[in-house]
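K.L.:
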Amino acid sequence: MEKMIDVELRNIQKKFQNNIVVHDFSLQIEKGEFISFLGPSGCGKTTTLNMIAGFLEPDEGDLLIKGKRMNGVPPYKRELGMVFQTYSLFPHMTVAENIAYGLKLRKQSKAEMQERVQRVLDLVKLPNVADRYPKQLSGGQRQRIAIARALVIEPSLLLLDEPLSNLDAKLREELRDELKRLHQEIGVTTIFVTHDQEEALSLSDRIVVLNHGSVEQIGTPTEIYHNPASEFVHTFIGKTNRLHGVVTKVEGNRMKVQTDKGFVVSALQPAKAVQEGQRVTVFIRPEKIVLSAETAPAGVNQANGQLMMTSFLGAFTECQVQAGGEILDVKVQMLEKLAGVTPGSSVLCQWHEEDVLVMPAEGDRL
Ligand SMILES: Nc1ncnc2c1ncn2[C@@H]1O[C@H](COP(=O)(O)OP(=O)(O)OP(=O)(O)O)[C@@H](O)[C@H]1O
Ligand SMILES: [Mg+2]
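Under my numbering, the first residue of the sequence shown carries the number 1086, and numbering increases by one thereafter.
As structure tokens, then:
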């Protein structure tokens, strides 16, 4: 079956004054897909979303929705629902009036409006707040209402600009699960903007990683996590250890690296092959390093060190280990079960070669 493309960006560019803030952005979004734009503050997420919504016009490139060119078409003709980065409910209107606002513009009958408002209130699990004013709701409830207001017009496209960023951690997670459920239930094509990698990983079918207005990588959460296209993507998506070194041996699909601080690391060949003698950067995630109280000589993929600092975080403990001249971050489940291991103890760090990521030095792309 041929894929239905709902939204297409073709070489979109946006300048403010003479500053290019979105470079050559191309993307095809399938019907029903949940896509996240992920990147640091100022990388162009909101600007791109506003171009899709029609609040801003691209300087170059084409924007297509359901195959129709949308450049120059005003927002209200694009059939989309949007939730903005900051709270955007009208304070002087009740919840029901806020939600119905979009319907009024579309000239619906009163009975139908009421029914649709109630339906979306049920959908966001706030069936009994229709008569309240926004100030009588919690932050999380207000964002649910903002989402309900976006959904009530039954948009063909839902645009969400960091809708969870003003909420505390627990509520964020709750509403994140709600969003996931909503998307599974109604299947509306969704673009979700965030700078939170966990949100992007947990919600998305695909993630677009942006950096300084350029697309670094487009891929599924597992592709982005396990096969990052650049050092930026790998380091942005989670904590990691970064070691610098030289390739000493390449044999078939395996290789050895001698790091500047004295580790011997074996790894699998990266997608873009490296050669003996080449300078590379080696990455190992903290959760991939196994800590033990064993004493063993340093060797391939293992290093002796001293436990410097621990932070107990419940499900796991974050540790810092001084090994050679490196400080390694290590994430340990149940450190409390490692008898006698406390700050100051000698420890052995080990990891598997398939958990080592090697990239050519100087930020070349794989
Ligand atoms: N109206 C404007 N005039 C001039 N520069 C702008 C304007 N709007 C945005 N910018 C600049 O464009 C860049 C991208 O801004 P944008 O709001 O898209 O970032 P963002 O990725 O949404 O960031 P955040 O995560 O902080 O919301 C920033 O450098 C910003 O300063
Ligand atoms: Mg923004």
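Heads up, the beta-carbon is just placed ideally off N, CA and C, and yes, glycines get one too.
1. Does Q1363 come out as helix, strand or coil in the three-state DSSP assignment?
2. CB G1390 to CB A1408, shorter than 8 angstroms?
3. Three-state secondary structure (DSSP) at P1313?
4. If you measure from the CB of F1101, is any heavy atom of ligand 1 nearer than 7 angstroms?
5. Please look up how many angstroms separate the CB atoms of N1156 and P1143, rounded, as I've assumed it's under 8 angstroms.
6. Between the stretch 1332–1340 and the stretch 1374–1382, are three or more C-beta pairs nearer than 8 angstroms?
7. Would the beta-carbon of V1278 fall within 8 angstroms of that of T1131?
8. Should S1173 be counted as a contact of ligand 1 given a C-beta to heavy atom distance under 7 angstroms?
9. The alpha helix (DSSP H) with H1268 in it runs from where to where?
10. Who are the Cβ neighbours of I1238 in its own chain at under 8 angstroms, not counting the five residues just before and after it?
11. Quick one: is the Cβ of D1281 within less than 7 angstroms of any heavy atom of ligand 2?
12. If you check the beta carbons only, do S1241 and K1151 fall under 8 angstroms apart?
13. Using only Cβ atoms and a threshold of 7 angstroms, which residues come within that distance of a heavy atom of ligand 2? Order them by chain position.
14. Just list the residues that DSSP pairs C1404 with in beta bridges.
15. How do the stretch 1396–1403 and the stretch 1345–1365 stand: do at least 3 beta-carbon pairs fall below 8 angstroms, yes or no?
16. Look up A1358 in the DSSP assignment and say whether it is helix, strand or coil.
17. Can you tell me which of A1446, R1327 and G1399 puts its alpha carbon nearest to the alpha carbon of D1414?
18. How far does the beta strand (DSSP E) with R1342 in it extend, from its first residue to its last?
19. How far does the beta strand (DSSP E) with V1106 in it extend, from its first residue to its last?
20. Quick one: what's G1304 bridged to in DSSP?
21. Any chance the CB of G1146 is under 7 angstroms from a heavy atom of ligand 1?
22. Thinking C-beta only, is L1376 closer than 8 angstroms to E1438?
23. Under 8 angstroms between the Cβ atoms of V1202 and I1184?
24. What does a CB cutoff of less than 8 angstroms around T1182 pick up in its chain, not counting 5 residues either side in sequence?
25. Just to confirm my understanding: we take P1219, look at its own chain, exclude 5 residues before and 5 after, and list those with CB closer than 6 angstroms. What are they?
26. Ignore the nearest five residues each way along the sequence and tell me which others in D1449's own chain have a CB closer than 8 angstroms to its CB.
27. By the 10 Å Cβ neighbour count, where 16 or more other Cβ atoms means buried, how is S1314 classified, buried or exposed?
28. Out of V1441, A1446, V1426 and D1091, point me to the one whose CA is closest to I1114's CA.
29. Could you give the residue range of the alpha helix (DSSP H) that holds I1137?
30. Just to confirm before moving on: does the CB-CB distance between L1288 and R1257 stay below 8 angstroms?
31. From the DSSP output, which residues share a beta bridge with D1242?
32. Please report the distance separating the alpha-carbon of V1485 from that of I1232.
33. Output yes if chain B places a C-beta closer than 8 angstroms to the C-beta of E1379; else output no.
34. L1222 by DSSP, collapsed to three states: which one?
P.N.:
If we stick to the structure as given:
1. coil
2. yes
3. coil
4. yes
5. 7 angstroms
6. no
7. yes
8. no
9. A1254 to I1271
10. E1164, G1166, G1187, L1188 and R1191
11. no
12. yes
13. K1130, T1131, Q1170, D1246, E1247 and V1278
14. T1395 and V1415
15. no
16. coil
17. R1327
18. The question names Arg, yet the displayed sequence has Val at residue 1342. Run containing V1342: R1339 to T1344, per the beta strand (DSSP E) assignment.
19. N1104 to E1115
20. I1292
21. no
22. no
23. yes
24. A small fix is needed here, since residue 1182 is Glu in this sequence, not Thr. F1175, listed in sequence order.
25. L1174, P1176 and R1227
26. Any reading at D1449 must be qualified, since the residue scores a pLDDT of 47, below 50, and its modelled position is unreliable; the value itself is stated next. Cβ within range, chain order: K1357.
27. The sequence shown places Ala at residue 1314, rather than the Ser named in the question. Classification of A1314: buried, given that the 10 Å Cβ count is 16 or more.
28. D1091
29. K1130 to A1138
30. no
31. Asp is not the amino acid found at residue 1242; the sequence shown has Leu there. L1242 pairs with L1165 and T1274.
32. Outside the displayed span of the chain (1086 to 1451) sits residue 1485, for which this structure offers no information.
33. Among the chains of the structure shown, chain B does not appear; only one protein chain is present.
34. coil
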